[in-house]
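Take 31 as the starting number for the sequence shown in our numbering and just add one per residue.
Just so it is clear, CB atoms sit at the ideal spot from N, CA and C, and this is done for glycine as well.
None of these values were measured; they are calculated from a predicted model.
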Amino acid sequence: MQTIVCMKWGTRYPGDYVNRLWSMIQRHTNRPTRLVCLTDDFSGIDPGVATFPLPPITIPERVAWKPWRKISLWQAPLADLEGDVLFMDLDVVITGPLDDFFDYEPGKFCIAENWTQPGQGIGNTSVYRWRVGTNTHIYNEFIKDPEIPLKQYGISQRYVSGSVDNMTYWPADWCVSFKHTLLPKWPMNFFKIAPLPSETRVVAFTGKPDPDEAEIGAWPVNAWYKRLYKHVRPTPWITENWR
C-alpha cells in the first residue's frame, strides 16, 4: 500500500481541497494507494481519507500556522505511518502518474528543486518523499530551541534542505510551479494562458493564486499597483484536472 500524506490547518483550505486531492490521487495511481490527512478540523473530509490529529510540535506562535509546522512530520512515531511516504501540499494539481514517485531513487530523500533558487541546494516541500523514522534530528533539534533554526534559515524548506541526509531532486519536468514555471512572464500573462506540458505530473501553487483562483482568472492583491503585473487568465486545464 502506497501512502500519501497531506496536512490541513486553519481556514485557508476547506475539506474540499483534501477531497479533490484524494480524487486526483485515485485517478493517477495504478497501485493500491491511500491518503492520510493530518488536520485540526476533520469536517467535510471524504471518509475514504484516513485522518489523524496534527502531530504535536513545540513551535513559536508567530510561525505556528506557517509551513514551519511541517517540521512536525520528522518525528517518530508519526500517526500510523511507516516506510516511504509521499507528502503533497493541498494546493497542488495532479496532472500525471504518481506511482513513479515511490520508485525514484530508492532510499533517498526526494524533493522538488525550489524553482526560485536553482543550483542553491534548496528543495521545495510542496512534493517530497521521505522514510518515516529517518532524519528525526530535524524535528528533535527544532524543538530543543526553535529560535536557532528560525534565525539561521528563515524558511522551513531551507532548514530541511540543509539538515536532511541523501537529498536528491525529482526530474525537473515532473513537478513544476504554476507561478514560476508555467505562467507567462509579464506582460504576456495578460494575453496568454499558462500552458500545461505533457510531461508534467504535479503543478504546485505556491503563494497566490490558489488553484480555485487561477482556474477562473482571479489573482487577489491588496495594493492597487500589483494589479499592473499580477494577472492570470482563466486556465481550463485546472478545471479538467483539479476535481
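In this structure, residue 160 places its C-beta atom within 8 Å of the C-beta atom of residue 115. In the DSSP assignment, residue 174 falls within the unbroken alpha helix (DSSP H) covering 167-174.
For the pair residue 153 and residue 230, the CB atoms are not nearer than the 8 Å cut-off.
Judged by DSSP in its simplified three-state form, residue 244 adopts helix. Note on geometry: alpha-carbon atoms of residue 268 and residue 223 lie some 11 Å from one another.
For residue 168, the closest C-alpha among the options 144, 100, 208, 204 is that of 100.
Contact between residue 241 and residue 272 holds, since their C-beta atoms are separated by about 5 Å, short of 8 Å. Only residues of its own chain outside the window of five on either side were considered, and among them 249, 250, 262 have a CB closer than 8 Å to the CB of residue 243, listed in chain order. Closest option to residue 88, judged by alpha-carbon separation, among 73, 201, 170, 209: 170. Between the region 175-189 and the region 122-139, the count of C-beta pairs closer than 8 Å stays below three; the two stretches do not touch. Just measuring C-alpha positions, the residue of 156, 151, 40, 162 sitting nearest residue 112 is 162. Under the Cβ criterion (8 Å, minimum of three pairs), the region 130-143 counts as touching the region 187-207. For a cut-off of 8 Å, the C-beta gap from residue 109 to residue 82 is around 4 Å, short enough to register as a contact. Here residue 36 has 48, 51, 65, 66, 67, 68, 117, 118, 119, 120 as same chain residues with Cβ atoms under 8 Å from its own Cβ, once five neighbours each way along the sequence are excluded. With fewer than 16 other beta carbons inside 10 angstroms of its own, residue 136 counts as exposed. Exposed is the label assigned to residue 253, since fewer than 16 other Cβ atoms lie within 10 Å of its Cβ.
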